[in-house]
Amino acid sequence: MSASSASRPARNTDLNTSKQVAPPMAALNSRELLRGERELLIFHGDQLYRLRHTRNDKLILTK
Numbered sequence: 001m002s003a004s005s006a007s008r009p010a011r012n013t014d015l016n017t018s019k020q021v022a023p024p025m026a027a028l029n030s031r032e033l034l035r036g037e038r039e040l041l042i043f044h045g046d047q048l049y050r051l052r053h054t055r056n057d058k059l060i061l062t063k
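For the sequence shown, the residue numbers in my numbering are 1 to 63.
Next up, the structure:
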């Protein structure tokens with residue numbers, strides 16, 4: 001064993017740790033949100049946002 005490898009901390013390779021795993025996040029399809037439209041208004045608190053589906057098949061969210 002070399003001096004450089006002796007100074008490195010050992011890696012924990014045990015995959016069965018007791019860490020809690022978060023439940024899967026909810027997912028929605030953009031088609032469900034937009035319902036065939038190109039724009040959607042979203043109220044979040046007292047703010048209004050616009051979600052747009054572009055011609056390049058991108059989603060843009062703006063205030």
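Just so it is clear, CB atoms sit at the ideal spot from N, CA and C, and this is done for glycine as well. Source: prediction; values computed, not measured.
Between the beta-carbon of residue i and the beta-carbon of residue j, is there less than 8 Å?
i	j	result
L51	E39	yes
L41	H53	no
Could you check the C-alpha separation between residue i and residue j for me, to the nearest Å?
i	j	result
K19	A26	21 Å
R31	D57	12 Å
V21	E37	37 Å
G45	P23	26 Å
Report, in whole angstroms, the separation of the C-beta atoms of residue i and residue j, which I expect to be a contact under 8 Å.
i	j	result
L59	Y49	12 Å between Cβ atoms; not a contact.
What are the residues that DSSP puts in a beta bridge with residue i?
i	result
R52	E39, I60
Q64	The requested residue 64 does not occur in the structure, where the chain is confined to residues 1 to 63.
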